[in-house]
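Asker: Below is one structure. I have some questions about it.
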Amino acid sequence: MVKRLVSGIKPTGELHLGNYLGAIKQWVELQQDYDCFFFVADYHALTTKPEPDRLRQDTLSTLAMLVALGVDPRGSVLFLQSDIPEQAELAWLLLNFTSVGALGRMTQYKEKSDRLGQNAGLFGYPVLMASDVLTYDAEAVPVGEDQIQHLELAREIARSFNSHAGKIFKQPRPILNEGARIMSLSNPAQKMSKSIPGSAIGLLDDEDEVVRTIKKAVTQTSPGRANEGVKNLLRIMEGLSSPETFLHFRDQQRHGTIRYSELKDQLIEDVLDFLGPVQKAYHGLNGDPEKLRKIFARGAEAARPLAQQKLTQVKNALGLVD
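Numbers 63 to 384, taken from my numbering, label the letters of the sequence shown in order.
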């Protein structure tokens, strides 16, 4: 029997190569082996209090980009988080099996609360994440290193609930993302971000912007010593270029014979070759919001009966009156 996998992405603006190579590329590949449930996490996006019209726009454009990148709404269940109210209701029930101390230890909360303030939605964010995966009896969840802590909390919540009310939830295992963690092109010590000029290559960037960003990318800090900047460019190349091209430049880097201008020129060519068809597919989809809404509707039709069934099971286990 094919195992079920669940993962989501927040609609927080234009996606970049770091988003693709760090997560979405893995989604596309996992579709071959798993029963995949992918969702656009608009409830999660509310922790930053986005402007309403922008959130609506970003939600549809994120879906368009996911499909353009190869997430197949015919082979996977692709839905909108807020279309499944049972996930939010289940999160409220799961809060009763979650310790305040565990939430306070979440590294991402500590980092984001310094920037966004200590709002309760941000504090309880990991419980909604737990509900997202536990609702659908996920057996696997693709995660990056920075998300392992959240998945372990979801497993802890499942164990706590099962201990109290019977074995209702599965404990999903992590699928560590083998793809690259792409860092900023202007400062490889930071994550790639479109909000910082020169940091990221957006999936909708035009040729001039791609050329300018890669040409200015950090390479080395001391003569003859490749630093994280070069390694970062090679990680992008590994994800987008042919294996032969990547191995050629990787070997040059190891032997100290690499020419950064040649590396950048090749990377520019390969990035543009990748972005061309993606952007064409995206613009075709994003220009048809009705089609995008129908994709969400079909996904909800597939996902919501499972969510309703699980919520009923949980309520019965807790002794809530039918």
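Glycine included, C-beta positions come from ideal geometry on N, C-alpha and C. No experiment lies behind these values; they were computed from the predicted model shown.
What whole-angstrom Cβ distance do residue 148 and residue 197 have, given they're in contact under 8 Å?
Answerer: About 7 Å; that satisfies the 8 Å criterion.
Asker: Tell me the DSSP bridge mates of residue 97?
Answerer: DSSP output for residue 97 lists 66 as bridge partner(s).
Asker: Cβ of residue 281 within 8 Å of Cβ of residue 344?
Answerer: Their beta carbons are not under 8 Å apart, which means residue 281 does not touch residue 344 by this criterion.
Asker: Apply the 10 Å Cβ neighbour rule to residue 210 and answer buried if 16 or more other Cβ atoms are within range, or exposed otherwise.
Answerer: So residue 210 counts as exposed.
Asker: Between which residues of its own chain and residue 362 is the CB-CB distance below 8 Å, once the five residues before and five after are set aside?
Answerer: Excluding sequence neighbours, residue 362 sits near 141, 142, 145 and 146.
Asker: Here's a check: name, in chain order, each residue in its chain whose Cβ is nearer than 8 Å to the Cβ of residue 292, leaving out the five neighbours to either side.
Answerer: Cβ within range, chain order: 281, 282, 315, 320, 322 and 325.
Asker: Under 6 Å Cβ to Cβ from residue 348, same chain only, skipping five residues before and after it: list those, please.
Answerer: Result list for residue 348: 123 and 126, in chain order.
Asker: Mind checking which residues open and close the beta strand (DSSP E) that includes residue 316?
Answerer: Unbroken run through residue 316 is the alpha helix (DSSP H), 305-317; no beta strand (DSSP E).
Asker: Along the chain, where does the beta strand (DSSP E) that runs through residue 204 open and close?
Answerer: Its beta strand (DSSP E) spans residues 202-205.
Asker: Work out the CA separation of residue 206 and residue 84 for me, nearest whole Å.
Answerer: Using only the alpha carbons, I get a separation of about 8 Å.
Asker: Look up residue 293 in the DSSP assignment and say whether it is helix, strand or coil.
Answerer: In this structure, residue 293 counts as helix in the three-state DSSP scheme.
Asker: From what residue to what residue does the alpha helix (DSSP H) around residue 250 run?
Answerer: Residue 250 -> no alpha helix (DSSP H), and no H or E assigned at all.
Asker: Among all the DSSP beta bridges, which residues are the ones paired with residue 142?
Answerer: According to DSSP, residue 142 bridges with 102.
Asker: So what's residue 77 in DSSP terms, helix, strand or just coil?
Answerer: Residue state, collapsed to three classes: coil.
Asker: Within its chain, find whatever has a CB closer than 7 Å to the CB of residue 188; leave out the 5 residues flanking it on each side and keep chain order.
Answerer: These residues qualify, in order along the chain: 165, 168, 212 and 215.
Asker: Can you give the Cα-Cα distance for residue 220 and residue 200, rounded to whole angstroms?
Answerer: Straight-line Cα distance between these residues: approximately 12 Å.
Asker: Give the range of the beta strand (DSSP E) segment to which residue 236 is assigned.
Answerer: Where residue 236 is concerned, the enclosing beta strand (DSSP E) stretches over 235-238.
Asker: For residue 192, collect the residues of the same chain with a Cβ closer than 7 Å to its Cβ; drop the 5 residues on either side in sequence, then sort them by chain order.
Answerer: Closer than 7 Å at the Cβ level, and outside the excluded window around residue 192, lie 156, 215, 216 and 219.
Asker: Label residue 303 either buried or exposed according to how many other C-beta atoms from any shown protein chain fall within 10 Å of its C-beta, with 16 as the threshold for buried.
Answerer: Label assigned to residue 303: buried.
Asker: With respect to the alpha helix (DSSP H) encompassing residue 366, which residues constitute its N-terminal and C-terminal limits?
Answerer: Here the alpha helix (DSSP H) through residue 366 covers 351-380.
Asker: For a test of the three-state rule: what should DSSP assign to residue 71, helix, strand or coil?
Answerer: Reduced to three states, the DSSP call for residue 71 is strand.
Asker: Are the CB atoms of residue 87 and residue 301 nearer to each other than 8 Å?
Answerer: A contact, by the Cβ cut-off of 8 Å.
Asker: So residue 203 and residue 67 are supposed to be a Cβ contact under 8 Å. How far apart are they, rounded?
Answerer: About 7 Å separates the two Cβ atoms, so the contact holds.
Asker: Label residue 208 either buried or exposed according to how many other C-beta atoms from any shown protein chain fall within 10 Å of its C-beta, with 16 as the threshold for buried.
Answerer: Exposed.
Asker: Would residue 190 and residue 310 qualify as a contact pair, given that the criterion is a beta-carbon distance under 8 Å?
Answerer: No.
Asker: In this structure, does DSSP put residue 286 in helix, strand or coil?
Answerer: With a pLDDT of 47 at residue 286, under the threshold of 50, the predicted position of this residue should be treated as unreliable, though the coordinate-derived value follows. Correct three-state label for residue 286: coil.
Asker: Tell me the rounded alpha-carbon separation between residue 226 and residue 306.
Answerer: So the two alpha carbons sit approximately 55 Å from each other.
Asker: With which residues is residue 163 paired in a DSSP beta bridge?
Answerer: Partner(s): none; residue 163 has no beta bridge.
Asker: Just reading off the alpha helix (DSSP H) that residue 336 is part of, what are its end residues?
Answerer: First-last of the alpha helix (DSSP H) with residue 336: 322-348.
Asker: In angstroms, rounded to a whole number, what distance separates the CA positions of residue 313 and residue 340?
Answerer: Taking the straight line joining both Cα atoms gives about 30 Å.
Asker: If you drop the 5 nearest sequence neighbours on each side, which residues of the same chain put their C-beta closer than 8 Å to that of residue 153?
Answerer: The residues are 186, 189, 190, 192 and 193.
Asker: Provide the residue span of the alpha helix (DSSP H) that contains residue 186, from first to last.
Answerer: It spans 182-196 - the alpha helix (DSSP H) in which residue 186 sits, taken as one unbroken run.
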